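Heads up: the structure comes next, in structure tokens.
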Amino acid sequence: MCGTLVSRIQKMTIKNNKTVLYKVKMRVKRSRDPVFLRREFNELGSRTQVGAALKELVRNGILTKIGYGIYARNRISRYTKQVIPEQSVPDLAKIALRKLGYELALTEAEYLYDQNVSTQVPTGRRIAVKGKVSRQIGCNGKNIYIETKKVYPIV
Numbered sequence: 006m007c008g009t010l011v012s013r014i015q016k017m018t019i020k021n022n023k024t025v026l027y028k029v030k031m032r033v034k035r036s037r038d039p040v041f042l043r044r045e046f047n048e049l050g051s052r053t054q055v056g057a058a059l060k061e062l063v064r065n066g067i068l069t070k071i072g073y074g075i076y077a078r079n080r081i082s083r084y085t086k087q088v089i090p091e092q093s094v095p096d097l098a099k100i101a102l103r104k105l106g107y108e109l110a111l112t113e114a115e116y117l118y119d120q121n122v123s124t125q126v127p128t129g130r131r132i133a134v135k136g137k138v139s140r141q142i143g144c145n146g147k148n149i150y151i152e153t154k155k156v157y158p159i160v
């Protein structure tokens, strides 16, 4: 499966450069940002066309869907030759949450570790935000837990 997906990524060519698929693919390719929200592509076509284009890019391994309306750009791992996201899942989640307008803060574990109260190193799988978030972000079974109970200011 992986070998097929890698060859599909390298071979994916679009003949007509005026299609929504081509426009979405070029925007993903040119962007420096590793995370994309579906709404960033709204002006390229109708909701159905943009959704179909994103679905095709996910199927070909160029993007990975990490949440509802959230996509991450992929790369090929030099070690395993499998398709993986460009950055770690916690980093992608932080970028996505910032793009969605949430203010990030330290989790309780990070705060205690920074204050030298705890020696346990935070895993990075929890992200604290100000306000309520009803989203799930993750890929390949690596989900991020979003903490909204106790928020400590970033120092």
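Heads up, the numbering used here is the position in the sequence shown plus 5, with the first residue counted as 1. No residue lacks a Cβ here, since even glycine has one placed at the ideal position from N, Cα and C. Just so we're clear, the structure is a prediction, and the values are computed from it rather than from any experiment.
Please report the Cβ distance between V25 and G66, rounded to the nearest whole angstrom; I am assuming they are in contact, meaning their Cβ atoms lie under 8 Å. If you number the sequence shown from 1, residue 25 lands on position 20. If you number the sequence shown from 1, residue 66 lands on position 61. Taking a contact as a CB-CB distance under 8 Å, the pair V25 and G66 does not count as one, their CB atoms being some 19 Å apart.
Going along the chain, which residues of its own chain have a beta-carbon closer than 8 Å to the beta-carbon of E61, five neighbours each way excluded? Numbered from its first residue, the sequence shown carries residue 61 at position 56. For E61, where only same-chain residues beyond five positions count, the Cβ hits under 8 Å are L26.
Please report the Cβ distance between G56 and V94, rounded to the nearest whole angstrom; I am assuming they are in contact, meaning their Cβ atoms lie under 8 Å. Walking along the sequence shown from the start, residue 56 turns up at place 51. Walking along the sequence shown from the start, residue 94 turns up at place 89. Their Cβ separation, rounded to whole angstroms, is 23 Å, which puts G56 and V94 out of contact at 8 Å.
Secondary structure at V88, three-state DSSP: helix, strand or coil? For the purposes of this step, residue 88 is taken as residue 83 along the sequence shown, with counting starting at 1. Strand at V88.
How long is the line joining the alpha carbons of G136 and T112, rounded to whole angstroms? On the sequence shown, position 131 is the one that residue 136 refers to. On the sequence shown, position 107 is the one that residue 112 refers to. The C-alpha of T112 is placed about 13 Å away from the C-alpha of G136.
Taking all protein chains shown into account, decide if G106 is buried (16 or more other Cβ within 10 angstroms of its Cβ) or exposed. Working through the sequence shown from its first residue, we reach residue 106 at position 101. Exposed, by the Cβ-count rule.
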